[in-house]
Amino acid sequence: MAEKFDAIVVGAGPAGNAAAYTMAKAGLSVLQLERGETPGTKNVQGAILYADALERIIPDFRDDAPLERHVIEQRMWVLDEKSFIGTNYRSEAFNSDQPNRYTILRAPFDKWFSGKVKAAGGLVICETTVTELIQEGKKVIGVRTDREGGDIYADVVILADGVNSLLAKKAGFHGELEAKNVALAVKEIHFLPEEVVQSRFNIKGNEGVVIEIAGAVTHGMVGTAFLYTNKESITLGIGCLLSDFKKAGIAPYTLLEELKAHPAIAPLIEGGEMKEYAAHLIPEGGYKAVPTLYGEGWMIAGDSAGLVNAVHREGSNLAMTSGRLAAETVIALKEMKLPCTAPHLARYKAALDDSFVMKDLRKYKELPDILHGNPHFFSVYPRLLNRAAHTMLMVDGQDKHSKEKTIRGSFVEQRSLWGLVGDAYRMWRATR
Amino acid sequence: MIKIEEKLFQNRYRVDEGRPHIQISDPQVCANDCKTQSCTFACPAACYAKDEGGGVVLTTDGCLECGTCRVICSEYRNVDWSYPRGGHGILFKFG
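Sequence lines, in order, name chains A and B. So the first sequence is residues 440 to 871, counted in the working numbering. So the second sequence is residues 78 to 172, counted in the working numbering.
Given below as structure tokens:
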């Protein structure tokens with residue numbers, strides 16, 4: 440039985456769901472394959488949902504999507520062993536009718552998104568692992584699954600199978616991930632009564648707070664931690680480059696335990712009931728690590744294409760946007776009655792280049808290399824900043840002029856004057 | 078000492094009995110050639126453990142399917158890694 444679809448989408452995460460929904464809504468015959476029991480059961484994210492990317496796909500998503508809290512306050516903390524220095528940005532303006540950022544739980548959210556795919560006419564089959572792409576010469580003509588007689592054919596296959604992206608590797612479309620280009624993140628979810636979450640974070644209703652954290656908790660490794668408020672729970676986690684874990688010889692759950700025990704964090708999660716522990720790789724190689732995005736009869740989107748803006752903690756919005764643009768490429772080709780050959784699918788790459796996805800990745804293209812070469816950004820500076828604050832805030836009879844001199848001296852001693860100038864220049868060059 | 082089992086105990090799994098989705102290709106390589114055995118500390122589910130003979134033993138039951146072991150074993154490419162059969166393995170409740 441050789442069934443043939445207009446398109447097959449592998450994976451039911453943000454990229455796959457965006458692609459499948461967009462094509463199904465346009466009337467194409469779409470088959471989406473997901474290896475989890477239901478969509479979402481294999482997927483892990485912090486998780487922050489950026490409304491804009493989803494709005495462009497499902498404008499009225501707020502009506503029924505399972506959202507946790509809309510973010511009204513962002514804290515950025517730089518930790519030393521026993522202290523933190525940080526900034527807050529909180530605004531009543533984030534309490535609009537159409538908030539820009541929400542905390543979500545990916546399992547229920549992905550299930551909801553998948554429901555939209557089905558409602559739009561897409562065929563979603565779960566508990567099915569795609570084992571390889573079926574090729575005729577260079578052209579991808581379908582997929583092989585782990586079900587009996589599991590060969591299925593389509594005009595185009597959109598790969599949205601996540602960071603490990605085994606299918607594209609097996610087919611030789613791109614190489615193996617390098618440890619320096621992926622972060623390993625671990626996280627836990629702790630449940631607390633809704634009113635406890637509200638009072639601990641000074642929020643009401645569905646208002647939410649997110650905390651992004653750097654410093655001592657990563658042991659000098661390139662990485663960050665986070666704490667997000669959900670309706671009746673708190674998600675917290677920590678991630679560092681896998682190459683740094685390898686060098687440091689530290690277990691990821693050790694970092695997580697230290698994070699939970701930090702005096703700035705422990706009171707926020709106290710009394711919570713831990714109900715899930717998850718781990719995930721995040722592709723953080725940036726622009727230079729993005730593989731070929733299309734070929735004969737295939738396109739690749741989301742994490743599987745390495746589309747993550749690590750600096751701004753954005754990924755799912757890049758995934759949804761890339762999934763949507765891949766789908767729109769197929770829709771346009773169908774309308775023009777053009778085949779899904781590589782020259783025609785090049786429109787997908789052009790559309791991505793023209794969007795914030797590639798523009799943002801290009802902006803920070805030097806940053807991964809600079810962070811690899813300058814680990815003191817994650818070790819020396821957090822300590823210096825915390826000690827500077829401590830020195831200034833201790834009222835101990837020492838005059839302020841001398842205190843400033845002490846602080847300046849500590850910076851120069853740790854990094855030298857040229858080191859400080861060089862660091863400033865490197866950061867400017869990497870982020871301008 | 079962190080008890081990783083207590084963390085994994087909170088998770089939901091459907092283990093594919095007798096069909097581990099990850100295998101060590103050549104155990105001799107772990108025992109004789111690999112100096113770092115990074116999988117034994119980097120795996121977030123502690124699926125890899127050093128054995129008495131200097132080798133590494135793998136138990137995939139608690140696997141979180143992150144891919145760390147696959148990527149970190151870069152010198153020897155000694156991890157034969159695939160996804161579990163459809164519907165099996167970790168089943169995240171919250172993700």
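The beta-carbon is built from N, C-alpha and C at its ideal position, and this holds for glycine as well. Being a predicted model, the structure only gives us computed values, none of them experimental.
Counting the other CB atoms within 10 Å of its CB gives G588(A) a total below 16, which places it among the exposed residues. Across the structure, L823(A) and S849(A) are spaced so that their CA atoms are roughly 7 Å apart. About 14 Å separates the Cβ atoms of G166(B) and C146(B), ruling out a contact at the 8 Å cut-off. In this chain, the beta strand (DSSP E) harbouring Y489(A) covers I487 to Y489. Legend: CB atoms of the stretch 678-702 of chain A lying less than 8 Å from CB atoms of chain B belong to residues L681, F684, K685, G688, I689, A690, P691, Y692, T693 and E696.
In the DSSP assignment, F684(A) falls outside any beta strand (DSSP E) and lies within the alpha helix (DSSP H) extending over L681 to A687. With a minimum length of 4 residues, the unbroken runs of alpha helix (DSSP H) contained wholly in the stretch 810-836 of chain A fall at 819-832.
Secondary structure of P722(A) (DSSP, three-state): strand. In this structure, L666(A) is the residue among I591(A), L666(A) and A610(A) with its C-alpha nearest to the C-alpha of V625(A). In this structure, the beta-carbon distance from G485(A) to T674(A) falls below 8 Å.
At a cut-off of 8 Å between C-beta atoms, D742(A) does not count as an interface residue with respect to chain B.
Inclusion of I677(A) and A690(A) in the CB contact set at 8 Å is not warranted, their separation being larger than that value. Relative to the Cα of T830(A), the nearest Cα in the group S672(A), S522(A), S855(A) and D502(A) belongs to S522(A). With fewer than 16 neighbouring CB atoms inside 10 Å of its own CB, Q105(B) falls in the exposed class. Of the other Cβ atoms in all chains shown, 16 or more fall within 10 Å of the Cβ of I628(A); this residue is therefore buried. At a cut-off of 8 Å between C-beta atoms, R147(B) counts as an interface residue with respect to chain A. Close CB contacts of T780(A) within its chain, under the 7 Å cut and outside five residues either way in sequence, are with E735 (chain order). In chain order, K84, L85, Q87 and N88 make up the part of chain B whose C-beta sits under 7 Å from the C-beta of Y716(A). Within a 10 Å sphere around the beta-carbon of V860(A) sit fewer than 16 other beta-carbons, which makes this residue exposed. Counting only runs of at least 3 residues, the stretch 585-659 of chain A fully encloses the following beta strand (DSSP E) elements, listed from N- to C-terminal order: 590-598, 621-630 and 646-654. Using beta-carbon distances, N603(A) counts as an interface residue toward chain B, with a partner under 8 Å.
According to the DSSP secondary-structure assignment, G676(A) is paired through a beta bridge with K626(A) and F665(A). Taking every protein chain shown into account, the CB of Q471(A) has 16 or more other CB atoms within 10 angstroms, so this residue is buried. At a cut-off of 8 Å, the C-beta of R474(A) has a neighbouring C-beta in chain B. Taking the Cβ atoms as the reference, F86(B) lies roughly 20 Å from K481(A), outside the contact range of under 8 Å. Less than 8 Å separates the beta-carbon of M759(A) from that of P453(A). Here L764(A) is near S794(A), since their CB atoms are less than 8 Å apart. For I447(A), the closest of V510(A), W551(A) and Y592(A) by C-alpha to C-alpha distance is Y592(A). With a threshold of 8 Å between beta carbons, R162(B) makes contact with chain A. Identification of residues in the stretch 614-629 of chain A having a C-beta nearer than 8 Å to some C-beta of chain B yields E615, L616, E617, A618, V621, L623, V625, E627 and I628, given in sequence order.
Where F444(A) is concerned, the enclosing beta strand (DSSP E) starts and stops at K443 to V449. One finds R162, G163, G164 and H165 in chain B with Cβ atoms closer than 9 Å to the Cβ of E566(A), taken in chain order. K714(A) carries a strand assignment under DSSP once its states are collapsed to helix, strand and coil. Where N527(A) is concerned, there is no enclosing alpha helix (DSSP H), although the beta strand (DSSP E) around it starts and stops at F523 to R529.
The straight-line gap separating the alpha-carbon atoms of Y787(A) and T731(A) is approximately 11 Å.
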